[in-house]
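Participant: Residue numbers (this note's numbering): 36 to 866.
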Amino acid sequence: MSQPGLNQARLQAWFAARDWQPFDFQRAVWTQARAGRSGLLHAGTGTGKTYAVWFAALLRALAEPERGRLRVLWITPMRALAADTVAALMAPLPELGLDWSVELRTGDSSARDRARQTRRMPQALVTTPESLMLMLARADAAEVCSGLCAVVVDEWHELLGNKRGVQVQLGLARLRRLAPDLITWGLSATLGDVEHALKALIPTGDGVCIRAQANRMPVIDVLLPPTPSRFAWAGHLGASMLPAVVQELEASPTALLFCNTRAQAELWYQMLLEAKPDWAGLIALHHGSLDVEVRRWVESALKQGAVRAVVCTSSLDLGVDFAPVERVLQLGSAKGVARLLQRAGRSGHRPGAQPRLTLVPTHALELLEAAAAADAVAQQHIEPRRSPQAPMDVLVQHLVSIALGSGFTPEAMLTEVRETEAYRHLSAQDWQWALDFVSRGGDSLSAYPQYRRVQPDALGVWRLSDPQLARRHRMSVGTIVAESAMRVKFMRGAELGTVEESFIARLKRGDCFLFAGRLLELVRVHEMTAWVRLAKATKPAVARWNGARMPLSSQLADAVLARLKACAAGHFEGVAMQAVRPLLELQMRWSRLPGADHLLIESLQSRDGHHVFIYPFAGRQAHLGLAALVAWRLAQRAPITFSMAVNDYGLELLSATPLTMTLFDDPALFDPAGLAHDLTHSVNAAELARRHFREIARVAGLVFQGYPGEARTGRALQASAGLFYDVFRQHDPENRLLQQAHTEVLSQELGLERIADALARVRQAPVVRVELQRPSPFAFALMVQRLRETLSTESLQTRIERMVSVLDAQAQAETSPRRRAHMGLKSPSVN
Numbered sequence: 036m037s038q039p040g041l042n043q044a045r046l047q048a049w050f051a052a053r054d055w056q057p058f059d060f061q062r063a064v065w066t067q068a069r070a071g072r073s074g075l076l077h078a079g080t081g082t083g084k085t086y087a088v089w090f091a092a093l094l095r096a097l098a099e100p101e102r103g104r105l106r107v108l109w110i111t112p113m114r115a116l117a118a119d120t121v122a123a124l125m126a127p128l129p130e131l132g133l134d135w136s137v138e139l140r141t142g143d144s145s146a147r148d149r150a151r152q153t154r155r156m157p158q159a160l161v162t163t164p165e166s167l168m169l170m171l172a173r174a175d176a177a178e179v180c181s182g183l184c185a186v187v188v189d190e191w192h193e194l195l196g197n198k199r200g201v202q203v204q205l206g207l208a209r210l211r212r213l214a215p216d217l218i219t220w221g222l223s224a225t226l227g228d229v230e231h232a233l234k235a236l237i238p239t240g241d242g243v244c245i246r247a248q249a250n251r252m253p254v255i256d257v258l259l260p261p262t263p264s265r266f267a268w269a270g271h272l273g274a275s276m277l278p279a280v281v282q283e284l285e286a287s288p289t290a291l292l293f294c295n296t297r298a299q300a301e302l303w304y305q306m307l308l309e310a311k312p313d314w315a316g317l318i319a320l321h322h323g324s325l326d327v328e329v330r331r332w333v334e335s336a337l338k339q340g341a342v343r344a345v346v347c348t349s350s351l352d353l354g355v356d357f358a359p360v361e362r363v364l365q366l367g368s369a370k371g372v373a374r375l376l377q378r379a380g381r382s383g384h385r386p387g388a389q390p391r392l393t394l395v396p397t398h399a400l401e402l403l404e405a406a407a408a409a410d411a412v413a414q415q416h417i418e419p420r421r422s423p424q425a426p427m428d429v430l431v432q433h434l435v436s437i438a439l440g441s442g443f444t445p446e447a448m449l450t451e452v453r454e455t456e457a458y459r460h461l462s463a464q465d466w467q468w469a470l471d472f473v474s475r476g477g478d479s480l481s482a483y484p485q486y487r488r489v490q491p492d493a494l495g496v497w498r499l500s501d502p503q504l505a506r507r508h509r510m511s512v513g514t515i516v517a518e519s520a521m522r523v524k525f526m527r528g529a530e531l532g533t534v535e536e537s538f539i540a541r542l543k544r545g546d547c548f549l550f551a552g553r554l555l556e557l558v559r560v561h562e563m564t565a566w567v568r569l570a571k572a573t574k575p576a577v578a579r580w581n582g583a584r585m586p587l588s589s590q591l592a593d594a595v596l597a598r599l600k601a602c603a604a605g606h607f608e609g610v611a612m613q614a615v616r617p618l619l620e621l622q623m624r625w626s627r628l629p630g631a632d633h634l635l636i637e638s639l640q641s642r643d644g645h646h647v648f649i650y651p652f653a654g655r656q657a658h659l660g661l662a663a664l665v666a667w668r669l670a671q672r673a674p675i676t677f678s679m680a681v682n683d684y685g686l687e688l689l690s691a692t693p694l695t696m697t698l699f700d701d702p703a704l705f706d707p708a709g710l711a712h713d714l715t716h717s718v719n720a721a722e723l724a725r726r727h728f729r730e731i732a733r734v735a736g737l738v739f740q741g742y743p744g745e746a747r748t749g750r751a752l753q754a755s756a757g758l759f760y761d762v763f764r765q766h767d768p769e770n771r772l773l774q775q776a777h778t779e780v781l782s783q784e785l786g787l788e789r790i791a792d793a794l795a796r797v798r799q800a801p802v803v804r805v806e807l808q809r810p811s812p813f814a815f816a817l818m819v820q821r822l823r824e825t826l827s828t829e830s831l832q833t834r835i836e837r838m839v840s841v842l843d844a845q846a847q848a849e850t851s852p853r854r855r856a857h858m859g860l861k862s863p864s865v866n
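1) Is the beta carbon of V188 less than 8 Å from the beta carbon of V203?
2) If you follow the alpha helix (DSSP H) that G83 is in, where does it begin and where does it stop?
3) Report the residue from A63, I318 and A52 whose alpha carbon sits nearest the alpha carbon of A341.
4) Which value, in whole angstroms, describes the spacing of the CA atoms of M252 and L494?
5) Taking the straight line between their C-alpha atoms, what separation do you get for P445 and W55?
6) With V121 and L139 assumed to form a contact (beta carbons below 8 Å), what rounded beta-carbon distance in angstroms separates them?
7) Which class does L41 belong to by DSSP, given the choice of helix, strand or coil?
8) Does G757 come out as helix, strand or coil in the three-state DSSP assignment?
9) Can you check whether the CB of S422 is closer than 8 Å to the CB of A235?
10) What are the partner residues of V188, as DSSP defines its beta bridges?
11) Since I believe H633 is in contact with P801 (beta carbons under 8 Å), could you give me their beta-carbon distance rounded to a whole number of angstroms?
12) Would you mind working out which of G440, V534, P260 and K338 sits nearest D501, comparing C-alpha positions?
13) Pairing CB atoms from the segment 590 to 599 with CB atoms from the segment 649 to 657, are three or more of them under 8 Å?
14) Output the boundary residues of the beta strand (DSSP E) element that contains K524.
15) What residues are listed by DSSP as bridge partners for T564?
16) Which class does A70 belong to by DSSP, given the choice of helix, strand or coil?
17) What's the gap between the Cα of Q490 and the Cα of R733?
18) Could you check the C-alpha separation between S717 and A670 for me, to the nearest Å?
19) According to the neighbour-count rule (16 or more other Cβ atoms, all chains shown, within 10 Å of its Cβ), is E722 buried or exposed?
20) Using alpha carbons as the reference points, say which of R488, W497 and G513 lies closest to Q16.
21) Cα separation between A425 and F525?
22) Which ranges does the alpha helix (DSSP H) cover as unbroken runs of at least 4 residues, wholly within the segment 287 to 333, from first to last along the chain?
23) Measuring CB atoms only, is the segment 802 to 815 touching the segment 629 to 645, in the sense that at least three cross pairs come out at less than 8 Å?
24) According to DSSP, which residues form a beta bridge with P491?
25) For G532, count neighbouring C-beta atoms within 10 Å of its own C-beta (all shown protein chains included) and say buried if the count is 16 or more, exposed if not.
26) Answer yes or no: do F607 and L817 have a C-beta to C-beta separation smaller than 8 Å?
27) What's the call for N295, buried or exposed, on a 16-neighbour Cβ count within 10 Å?
28) Round the Cβ separation of T393 and L375 to the nearest angstrom and send it over; I've been treating them as touching at under 8 Å.
29) Suppose contacts are defined by Cβ-Cβ distances below 8 Å. Is A78 in contact with F90 by that definition?
30) In angstroms with no decimal places, state the Cα-to-Cα distance between E404 and S368.
31) Where does the unbroken alpha helix (DSSP H) through G644 begin, and where does it stop?
32) At what residues does the alpha helix (DSSP H) containing A680 begin and finish?
33) Along the chain, where does the alpha helix (DSSP H) that runs through S166 open and close?
34) Could you check whether L772 and A735 sit closer than 8 Å to each other, using their CB atoms as the reference points?
35) So if DSSP puts E730 in a beta bridge, which residue, or which two residues, is it bridged to?
36) Is it buried or exposed for S73, if we count other Cβ within 10 angstroms and need 16 for buried?
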């Protein structure tokens with residue numbers, strides 16, 4: 036039913052009723068959408084992006100003749116955002132005189148809701164990329180989507196750089212075929228390369244980019260440690276920052292305490308409760324592994340201002356509007372500028388309010404990162420996100436999904452696929468391989484009927500008609516692949532959430548662990564469920580999840596190096612830099628500061644052996660690959676064995692054999708030529724690819740995770756994927772999925788591009804070699820990282836305290852030139 040009369044004047048009246056004025060960027064979006072233009076809105080968090088694009092979609096939809104009930108599709112990257120988005124979209128409709136229905140469809144939707152929507156779609160549907168693809172896999176997809184007038188992609192930056200974003204690109208290409216007059220709008224607050232983001236969203240080249248003025252720059256400050264140290268190791272400030280954090284939370288009505296890992300969130304939630312027992316019920320815990328009902332309760336309590344603080348992870352990074360939140364605290368470095376801005380934007384969601392974020396360092400060098408992060412935010416140096424190029428597993432899944440729906444003809448489908456940024460350079464050979472793979476399993480699986488998923492019918496339309504294969508495919512749609520999760524349930528039946536199978540596998544009956552803010556005792560494990568009860572132990576394990584460590588981004592690394600350059604010239608501006616000044620001055624006294632204009636290489640002999648420390652500042656991930664590469668290339672010159680350690684600033688190579696430092700003057704050691712070949716050999720990339728292949732095999736439909744209640748273990752899934760990997764290597768070495776596994780290992784797990792950039796920078800900058808008399812502060816952090824892998828927590832703590840005591844005494848003894856001469860101390864040898 037058409038509902039005329041909605042225009043910009045009525046929208047402005049709606050704003051006026053709230054004593055608001057539409058921003059220029061909001062009016063610009065309305066005008067462009069009404070004219071049938073697609074685009075990308077890049078505006079800060081809390082500035083009104085949602086209503087800018089929602090009202091634009093309404094204007095467009097109500098100006099078009101009704102061709103189907105579903106008029107607007109809103110795609111959100113997280114289920115947690117979906118319910119909040121529905122409420123936000125519904126709020127203005129009654130006052131605007133619209134009787135539209137706005138509904139939700141995600142993996143959390145009930146069977147009853149899905150069945151109702153199958154019979155009768157709402158006018159606006161909020162959904163996720165996975166549920167979008169399931170909708171396109173319906174037999175009536177063309178009929179359901181033909182009346183679409185607008186599709187909105189929320190938090191486009193969160194999707195752009197991964198396979199879910201590729202899935203969205205393919206879905207949008209299909210929707211444009213089904214509804215040719217469709218307009219597409221994307222929303223984002225933290226994009227480093229807006230032009231690329233626009234091109235990936237609207238590849239036709241006629242999209243407009245509307246930017247809001249940056250009038251909500253966050254206030255960023257730093258919580259200083261009580262006693263800054265000259266020697267830093269990850270997490271050593273941890274508990275000592277607790278009193279200061281408590282004080283900050285007490286001073287704020289409602290706050291978010293962001294942690295970088297779920298394990299860290301569990302620990303800090305417990306620490307806060309132990310410090311303030313009267314806060315029980317007033318603080319909450321939120322991360323992605325908790326049961327969905329727990330998360331919804333926390334989100335509701337936040338909106339109502341019923342909790343003082345929430346300890347959370349990236350599960351609350353995006354989009355949800357928590358107006359009562361006054362400020363955000365970030366525990367440890369955010370490791371990226373975009374992530375910092377995103378989290379800061381969760382505060383100050385009121386007209387005229389300014390976001391505020393307080394950085395809480397967990398080691399002394401994070402004071403340096405904090406100052407650098409504030410610089411990068413002020414200069415808007417945000418990390419660019421690039422669309423993956425032609426992932427074949429996603430393409431294979433998409434072809435099967437469309438075949439399950441309305442079907443496709445190869446010629447038209449190729450044209451459609453090439454309209455996306457991800458596949459615009461897809462070769463004819465790769466396309467033919469994809470068709471061959473979905474129709475008969477390729478060269479190596481053609482003998483097995485279950486891999487003949489898609490076949491042409493009498494009219495030449497490729498379809499999936501086997502009911503069992505169709506059911507399995509619907510249950511496997513999506514590109515989110517995580518380690519097999521085990522449910523955690525009390526013996527009386529209440530469910531707490533999920534933890535990774537590998538963590539539970541390390542526990543035995545009676546062991547205790549922290550999860551969901553409780554101390555739990557493992558009673559038994561049965562059918563992918565860990566049955567637990569409340570425990571009384573005092574030294575629990577903490578549930579661990581994979582993928583916890585985030586590498587320092589290139590933009591933040593550059594900002595850190597810029598700060599170090601200023602320090603080398605004697606400039607320590609700001610309270611954070613004054614706090615870390617003793618560490619940096621000691622680094623200069625015992626060695627030299629790393630820098631962008633030179634590569635610092637330190638050497639040291641200790642009771643552990645012969646150390647070499649190198650500081651490329653390329654991030655933890657790239658340093659892992661770079662350490663293996665340098666060690667392998669050195670070993671080609673002379674037989675030598677290394678142990679390695681890495682952090683975000685540099686890497687350590689330790690050998691029992693003395694190293695000649697002139698080896699590092701060899702240009703071939705840091706030569707980018709042959710990088711992929713040497714890196715593959717240095718880290719046993721074949722074995723890494725075998726493990727990575729499991730994800731690709733799952734997305735491509737080779738490995739089935741099981742029906743509900745029959746989930747397969749991670750070990751079983753890995754074994755199944757390993758069999759395919761071995762078959763392809765032996766009988767089908769040109770298999771595109773096999774090649775993709777090797778490519779993704781190099782780029783995603785080893786940081787090939789950042790290693791190449793680091794090597795290029797090294798070859799242009801001189802190498803500065805320093806022979807240390809004792810560990811420098813930067814070297815000390817790397818040594819602790821290596822010891823962490825080999826010593827228990829108690830032994831590590833004891834050894835570190837002893838090392839710090841000795842080094843502090845030596846540093847203190849050098850406070851005056853007379854004392855230095857009396858002790859006969861030498862300056863470092865610098866070459």
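A virtual CB, placed ideally from N, CA and C, is assigned to each residue, including glycine.
Facilitator: On the basis of the data shown:
1) yes
2) Taken as a continuous stretch (DSSP letters only), G83 belongs to no alpha helix (DSSP H), as it is neither H nor E.
3) I318
4) 58 Å
5) 52 Å
6) 5 Å
7) coil
8) helix
9) yes
10) I110 and G221
11) 5 Å
12) G440
13) yes
14) A520 to F525
15) R522 and H561
16) coil
17) 21 Å
18) 10 Å
19) exposed
20) Shown here, the chain extends from 36 to 866; a query on residue 16 therefore has no answer.
21) 44 Å
22) 297 to 310
23) yes
24) W497
25) buried
26) no
27) buried
28) Between L375 and T393 the Cβ distance is about 11 Å, and since that is not below 8 Å, they are no contact.
29) no
30) 7 Å
31) Premise fails: G644 lies in the beta strand (DSSP E), G644 to I649, not in any alpha helix (DSSP H).
32) Element bounds for A680: not the alpha helix (DSSP H) but the beta strand (DSSP E), S678 to V681.
33) P164 to L171
34) yes
35) The partner list for E730 (beta bridge, DSSP) is empty, contrary to what the question assumes.
36) buried
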